[in-house]
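Engineer:
In the numbering used here, the protein residues as written are 368 to 1311.
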């Protein structure tokens, strides 16, 4: 039975460093004789020597073997083999070569040669004595803390010394608990309650260890587990096996001091029994788990660790292939909040140090609110979600509808791990989701509050009042003479009473999101989109263009990421919000960072009236795209109260879909007091053919810039009349700053403003054609502003004839050089292609500057021409190694543009070009280009 290929992310996680991964990507064409068989991969990879390196990967470990001298594990050759397997380039089911079978057999022999050693009685007693000595010191330290008072304790450095002592005493779990306390003490306003609870737990644990021999077997095993007594995996696997169809209902990964831990929540499909698989990896994340991935199950045997309520297991024998989990069978009455609380109380009775118990709740709705998150049943029965959790994906998947939630029930509330809806499991948390401010923690009961008050002041200052304790607690601590020890014992017992007797709360489920009957975005495309967005991929415009005709809706689990990317990538906000659809708009109302995305009438009015400038601008931009009339009326209605730079920014939004209906508002803005508002209004009015503004400008151009005998004459007035000033001709701006004779040239600036606002038809009528206009002879002082004005007008009007005339006339200024590409884009497509094909290798810079003006993907002739020119550079590099400008690094931007704009079906041609390259660097560059084109091709196929 073969193993499912790793994803490229899993391969990257296995790499010892980024340099090894980068080197591995270049070795794809050097692999040969590759084969995948069961849980092993093998192949050879050409190196610098005559004999290729022999590479083997044992996926069950994973473990790696290569005959190269590298000290990195895995080496670049093993990573190259994994990458090839990940991309489907390694044949399945073939016979492994002899060098691979011999190494795998040796590994198997070593694994079975040494049976688990029986426990050494002398060593066990020595450890128990060391632990007992350490715990005795811990009890003294704990009593000192509550005797002097928590208020006087050092909440940052005070825990490290005693934690180090617990390490020396071989009680690592206690040391870990102590080292977590500074974060608790520093991050919560109710830190005294949390610290006292942990102190009481440790005190109870130390007390239990003193009487370890008298405890029942399961409880004694639990005490040893909570202290950190080691137990080998071999010993656990030697115990009884529990066979079932084990469903993977949750997965979480964490990292602490370079130790990566992966926790997998499993549940027996027949038995309903919970299991927790814990896997560790030092230095890098756990790449491969023995268990199936989230949402799958396998017929397997598990071996439980000893303990009364210990769900931890070792994976045993797998008896079948992985299959998807499509339903979650439950016994009658199970899955309700009340049943979960009863089960938790029973588990605490068996293990009073239990920190978390797996639960499965059905028909619950997540409810965010100012008092924290809740999970509510349809009748309002609710369970709080633990503070600090941000289950935004759970909320997105639910959409206000009942779902099934998998999580851990803790003293602080439920920690959601996964959500099951529509036959699929998803993780409940969302790393990209923004965090809401944490509400104030709930007030404890009067008994707990009194214990915390005593601990805060210290038993030396205030005694414990047994009369205020519940009778069972008071009776249990009455026999303890030391007030500090009595306080710790009372706090431990009261905490168990509080946790075991917790009752459900109430919360009103929200109104659900509206249905969305659009087709669902294909799964492969939905998995790829977050990666493209996260890397700001240059392929994103192509992806959105290809997805638009399908009018897809995104999977609900993707909603939070889409909203976050819409917030951080405004250029893609429109298509992202369309993908999110009604579910996304419903979700946006739950967090202030997303409120800008709401578009109902009431929501628009709220954002427009009270939103921040950026939020109002984004709202107007979205409305302008979808409802231009509504956007204009919204701005017109508030124009009298708009002020500052925001007014000009809002007015500029009208440039999208500008039309005659906007003229009245723009004329009003033209009479405004701010110069930036007047300039914006004038620029937009100049783009409206037949407007009163353009007619006024035409009349002024005829009077002040007459054309006689095919030549332009300047008759600009020394003092502008009031109506000309109102139309913006007197405005000053950095873009119109010209210099002459050491000073600012206001006449040149006026010339440009007048020419840019005058309809091009006026000049065609005056000169006869654009070509004759650009041939006019003019003093150097005024030639630049004249051409700048014509360029402004041509670009605003999208006039191809004028663009061609100006482009052929050359570039009179540096500023115009930056806009040469914009002129080129206005030329007819066949003319653009013809001009590009005339550029040879000596004009690569010009070619690269103009290529963005060519449609996407590049036409076949242009693509072929670019590849030929790049191949010419590759041949030059091979003939003249080290020649300036011949290496691919000198053409990174052109290669990047080719990756984004070459036709995807050009990948085979590019790959063949890579094999023909005699220069290794160029061969690698073409190989990467072919890989990018293959990715784009796959990306587009996923949207079909």
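Heads up, the beta-carbon is just placed ideally off N, CA and C, and yes, glycines get one too.
(1) Report yes if the CB atom of residue 767 is closer than 8 Å to the CB atom of residue 877, and no otherwise.
(2) Could you check which residue in 857, 1025, 792, 1005 has the C-alpha nearest to that of residue 922?
(3) Between residue 1071 and residue 1135, what straight-line distance do the alpha-carbon atoms span, to the nearest angstrom?
(4) Rounded to whole angstroms, how far is the Cβ of residue 498 from the Cβ of residue 538, which I believe are closer than 8 Å?
(5) DSSP three-state call for residue 977: helix, strand or coil?
(6) Can you list, in chain order, the residues of its chain whose CB lies under 7 Å from that of residue 636, leaving out five sequence neighbours each side?
(7) Less than 8 Å separating the beta-carbons of residue 652 and residue 670?
(8) When the Cα atoms are used, what is the spatial distance from residue 581 to residue 571?
(9) Hey, which unbroken runs of the beta strand (DSSP E) at 3 residues or more fall wholly within the stretch 371 to 434?
(10) In whole angstroms, what separates the C-alpha of residue 1158 from that of residue 1128?
(11) Report the residue ranges of all alpha helix (DSSP H) runs contained in full by the stretch 518 to 589; include only those spanning at least 4 residues, in chain order.
(12) Taking the alpha-carbon of residue 701 as reference, which of 639, 1191, 659 has the nearest alpha-carbon?
(13) Starting from the C-beta of residue 941, find all residues in its chain whose C-beta is less than 7 Å away, skip the five residues before and the five after it, and write them out in chain order.
(14) What residue from 1146, 1172, 1113, 1111 has the CA that sits closest to residue 1138's CA?
(15) Kindly list the residues whose CB is nearer than 6 Å to the CB of residue 1192, restricted to its own chain and excluding five residues on each side of it in sequence; keep chain order.
(16) Where residue 464 and residue 1265 are concerned, what is the direct C-alpha to C-alpha distance, given to the nearest angstrom?
(17) Pick out the complete beta strand (DSSP E) segments inside the stretch 790 to 850, 3 residues or longer, and give them in chain order.
(18) In terms of residues, what are the limits of the beta strand (DSSP E) holding residue 1188?
(19) Could you have a look at residue 1228 and say whether DSSP puts it in helix, strand or coil?
(20) Just the C-alpha distance for residue 1300 and residue 1294, rounded to the nearest angstrom, thanks.
(21) Would you list, in sequence order, the uninterrupted alpha helix (DSSP H) runs of no fewer than 4 residues that lie entirely inside the stretch 1066 to 1100?
(22) Between residue 658 and chain C, is there a C-beta pair that is closer than 8 Å?
(23) Give me the DSSP bridge partner(s) of residue 609.
(24) I think residue 772 touches residue 783, with their Cβ atoms under 8 Å apart; what is that distance to the nearest whole Å?
(25) Can you look up residue 1293 in the DSSP assignment and give me helix, strand or coil?
(26) Got a sec? Which residues, its chain only, sit under 8 Å from residue 693 by beta carbon, not counting five neighbours each side?
(27) Among residues of its own chain, excluding the 5 on either side of residue 596, which ones have a beta-carbon nearer than 7 Å to its beta-carbon?
(28) Is it right to say residue 443 is buried, meaning 16 or more other beta carbons lie within 10 angstroms of its own, or is it exposed?
(29) Tell me the residue span of the beta strand (DSSP E) that contains residue 643.
(30) Give me whichever residues DSSP pairs with residue 623 in a beta bridge.
(31) Can you look up residue 598 in the DSSP assignment and give me helix, strand or coil?
(32) Within 10 angstroms of its Cβ, does residue 1290 collect 16 or more other Cβ (buried), or is it exposed?
(33) Can the beta-carbon of residue 825 be found closer than 8 Å to that of residue 883?
(34) Can you tell which of 428, 1217, 456, 795 has the C-alpha that lies nearest to the C-alpha of residue 785?
(35) Might you give, ordered along the chain, the residues of its own chain that have their beta carbon closer than 6 Å to the beta carbon of residue 655, omitting 5 neighbours on each side?
(36) Strictly by DSSP, which residues pair up with residue 787?
Structural biologist: Once the coordinates are examined:
(1) Position 400 of the chain shown, counting from 1, holds the residue named residue 767. Position 510 of the chain shown, counting from 1, holds the residue named residue 877. Result yes, Cβ atoms of residue 767 and residue 877 sit closer than 8 Å.
(2) The residue labelled residue 922 in the question sits at position 555 within the chain shown. When each option's Cα is compared against that of residue 922, the closest is 792.
(3) Within the chain shown, numbered from 1, the residue matching residue 1071 stands at position 704. Within the chain shown, numbered from 1, the residue matching residue 1135 stands at position 768. Roughly 19 Å separates the two Cα atoms.
(4) Taking the chain shown and counting its residues from 1, one reaches residue 498 at position 131. Taking the chain shown and counting its residues from 1, one reaches residue 538 at position 171. Indeed they touch by this definition, with Cβ atoms about 5 Å apart.
(5) On the chain shown, residue 977 is found 610 positions in, with the first residue counted as 1. In the structure shown, residue 977 sits in a helix (DSSP, three-state: H, G or I).
(6) On the chain shown, residue 636 is found 269 positions in, with the first residue counted as 1. For residue 636, where only same-chain residues beyond five positions count, the Cβ hits under 7 Å are 611, 612, 614, 664, 696.
(7) The sequence position of residue 652 within the chain shown is 285, counting from 1. The sequence position of residue 670 within the chain shown is 303, counting from 1. No; because the gap between Cβ atoms is not below 8 Å, this pair is not in contact.
(8) By one-based count along the chain shown, residue 581 stands at place 214. By one-based count along the chain shown, residue 571 stands at place 204. So the two alpha carbons sit approximately 15 Å from each other.
(9) Counting only runs that start and end inside the stretch 371 to 434, the beta strand (DSSP E) elements of at least 3 residues fall at 398 to 404, 407 to 412, 420 to 425, 430 to 433.
(10) Here residue 1158 is taken as the residue at index 791 of the chain shown, counted from 1. Here residue 1128 is taken as the residue at index 761 of the chain shown, counted from 1. Pairing residue 1158 with residue 1128, the inter-Cα distance amounts to about 14 Å.
(11) Counting only runs that start and end inside the stretch 518 to 589, the alpha helix (DSSP H) elements of at least 4 residues fall at 527 to 535, 539 to 554, 558 to 577.
(12) As a working note, residue 701 is residue 334 in the chain shown. Nearest option by C-alpha distance: 639.
(13) As a working note, residue 941 is residue 574 in the chain shown. These residues qualify, in order along the chain: 989, 992.
(14) In the chain shown, counting from the first residue as 1, residue 1138 sits at position 771. In this structure, 1172 is the residue among 1146, 1172, 1113, 1111 with its C-alpha nearest to the C-alpha of residue 1138.
(15) Along the chain shown, read from residue 1 onward, the residue named residue 1192 stands at position 825. Result list for residue 1192: 1220, in chain order.
(16) Residue mapping note: residue 464 aligns to position 97 of the chain shown, counting from 1. Residue mapping note: residue 1265 aligns to position 898 of the chain shown, counting from 1. Cα-Cα distance, rounded: 40 Å.
(17) Look at the stretch 790 to 850 and you find these whole runs of beta strand (DSSP E), each 3 residues long or longer: 791 to 794.
(18) As a position in the chain shown, residue 1188 is number 821, starting the count at 1. Segment 1187 to 1192 is the alpha helix (DSSP H) holding residue 1188; no beta strand (DSSP E) there.
(19) In the chain shown, the residue the question calls residue 1228 occupies position 861. Three-state result, residue 1228: helix.
(20) Sequence index remark: in the chain shown, residue 1300 carries index 933 (1-based). Sequence index remark: in the chain shown, residue 1294 carries index 927 (1-based). For residue 1300 and residue 1294, the distance between alpha carbons rounds to 10 Å.
(21) 1089 to 1093
(22) Among the protein chains of the structure shown there is no chain C, as only one such chain exists.
(23) What you label residue 609 is simply residue 242 of the chain shown in a count that begins at 1. Note: residue 609 sits in a beta bridge opposite 669.
(24) Here residue 772 corresponds to residue number 405 of the chain shown, with the count starting at 1. Here residue 783 corresponds to residue number 416 of the chain shown, with the count starting at 1. Indeed they touch by this definition, with Cβ atoms about 6 Å apart.
(25) Sequence index remark: in the chain shown, residue 1293 carries index 926 (1-based). Note: residue 1293 maps to helix in three-state DSSP.
(26) Sequence index remark: in the chain shown, residue 693 carries index 326 (1-based). 790, listed in sequence order.
(27) The residue labelled residue 596 in the question sits at position 229 within the chain shown. There are no such residues.
(28) Within the chain shown, residue 443 is the residue found at index 76, counting from 1. The residue is buried, with at least 16 neighbouring Cβ atoms inside 10 Å.
(29) By 1-based counting over the chain shown, the position of residue 643 is 276. Taken as a continuous stretch (DSSP letters only), the beta strand (DSSP E) holding residue 643 covers 641 to 649.
(30) By one-based count along the chain shown, residue 623 stands at place 256. Paired residue(s): 626.
(31) The sequence position of residue 598 within the chain shown is 231, counting from 1. Here residue 598 sits in coil by DSSP.
(32) Looking up residue 1290 in the chain shown gives position 923. So residue 1290 ends up on the buried side.
(33) Taking the chain shown and counting its residues from 1, the one referred to as residue 825 is at position 458. Taking the chain shown and counting its residues from 1, the one referred to as residue 883 is at position 516. Cβ distance not < 8 Å, so residue 825 and residue 883 don't count as in contact.
(34) By one-based count along the chain shown, residue 785 stands at place 418. Selected option, being the one with the closest Cα: 795.
(35) Residue 655 sits at position 288 when you count from the first residue of the chain shown. Same-chain partners within the cutoff: 429.
(36) Working through the chain shown from its first residue, we reach residue 787 at position 420. In the DSSP assignment, residue 787 forms a beta bridge with 771, 792.
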